[in-house]
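K.L.:
One structure, as structure tokens, below. Some questions next.
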């Protein structure tokens with residue numbers, strides 16, 4: 530039987546930190562995507578925006594930022610670069626000048642076909658099955674939900 534104080538000391542080891550494992554895993558996985566996405570002319574954040582638009586286009590900036598759990602100010606520079614590459618259009622909505630509609634160009638829509646190889650390529654690179662990816666995704670989504678609940682319940686200062 531282990532001593533409780535020994536367990537508490539073990540809890541402070543870097544190798545036992547969930548935040549450390551998630552940070553390194555995230556950086557590593559995003560890094561593994563780089564050469565694959567380079568072939569599409571996209572960075573990882575741009576790929577995420579394009580995934581949103583391939584699901585539904587046009588979409589508002591607000592809708593994209595909510596889907597990606599990012600602030601609109603973080604998404605806006607990505608949109609400018611994607612527009613410069615000819616993949617998307619950005620237009621103010623007539624009658625609602627505050628809303629920015631983001632849509633795919635024919636080039637951006639055509640890029641989707643080439644991008645269909647990305648998930649399979651990544652599974653092969655990482656040595657993961659579709660089932661394992663699904664399990665990891667479910668675990669990450671549960672963590673995201675738990676952090677949202679924890680932040681709502683945290684005392685405000």
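Residue numbers (my numbering): 530 to 686.
Just so you know, even glycine gets a beta-carbon here, dropped at the ideal spot from N, CA and C.
Computed from a predicted model, the values in this text were never measured in an experiment.
1. Name the one or two DSSP bridge partners that residue 633 has.
2. Using the Cα positions of residue 661 and residue 649, report the straight-line distance between them to the nearest angstrom.
3. Indicate whether residue 542 and residue 578 have their beta-carbon atoms separated by less than 8 Å.
4. I'd like the span of the alpha helix (DSSP H) that includes residue 551, first residue to last.
5. Beta-carbon separation of residue 576 and residue 651 under 8 Å?
6. Going straight from the alpha carbon of residue 629 to that of residue 570, what length do you get?
7. By alpha-carbon positions, which one of 618, 596, 551 ends up nearest to residue 636?
8. Alpha carbon to alpha carbon, how far is residue 596 from residue 581?
P.N.:
Based on what the coordinates show:
1. 617
2. 13 Å
3. no
4. 547 to 567
5. no
6. 24 Å
7. 618
8. 7 Å
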